[in-house]
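Read through the structure below, which is laid out as structure tokens, and then see the notes.
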Amino acid sequence: MHFSAGQDQLATVAEVKGRSLWDDARRRLLANKAAVVSMIILALIAVLALFAPWLSPHAYDEIYWERIQMPPDFANQHWFGTDGNGRDLFVRTLYGARVSLMVGILATSVSLLIGVSYGAIAGFFGGRVDNIMMRFVDIMYSLPFMFFV
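Under this note's numbering, the first residue of the sequence shown is numbered 1, with each subsequent residue one higher.
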């Protein structure tokens with residue numbers, strides 16, 4: 001026996017929506033609590049470093065001779081205290097975060113440029129050039145990482 005559905009029954013069937021790879025990746029990332037907390041902390045550090053000149057209550061190079069090695073004090077706005085030279089540690093931490101983020105972004109950009117260029121050359125020419133380039137990479141991987149740092 002053969003059964004067929006009428007047009008009105010076919011119209012009530014719900015359309016199935018597929019999930020993209022980006023949706024799957026986003027769901028997996030947001031399900032990982034450690035990754036979410038790490039992203040929030042990194043974003044907070046980046047925002048604090050970006051707005052360091054406006055958030056810092058003291059100048060970066062200002063020296064307080066009367067407050068050398070002072071412990072954290074909220075009344076004088078030395079939230080992390082001062083160092084042995086009388087400089088505010090909170091301000092120096094904010095500006096240090098700026099430098100660290102700039103170095104990280106620059107190093108990542110240079111690595112990306114070198115890697116993409118190297119891979120594009122190997123992919124474009126292929127064959128013998130690709131094999132020679134791959135052997136060079138194998139030699140680089142066989143050496144301790146400290147030689148490259």
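Virtual Cβ for every residue (Gly too), placed ideally from N, Cα, C.
Please read these numbers as outputs of a predicted model, since none were measured by experiment.
Exposure of T108 is indicated by the presence of fewer than 16 other C-beta atoms within 10 angstroms of its C-beta.
Taken in chain order, the segment 85-117 contains no complete alpha helix (DSSP H) segment of 4 residues or longer. Under DSSP, H58 forms no beta bridge with any residue.
Taking C-alpha positions only, D88 is separated from H78 by approximately 6 Å. D138 has no beta-bridge partner at all, per DSSP. The Cβ-Cβ distance between A52 and A97 falls below 9 Å. In this model, A122 and V129 are separated by some 6 Å (Cα to Cα).
If you draw a straight line from the Cα of M70 to the Cα of T82, it comes to about 5 Å.
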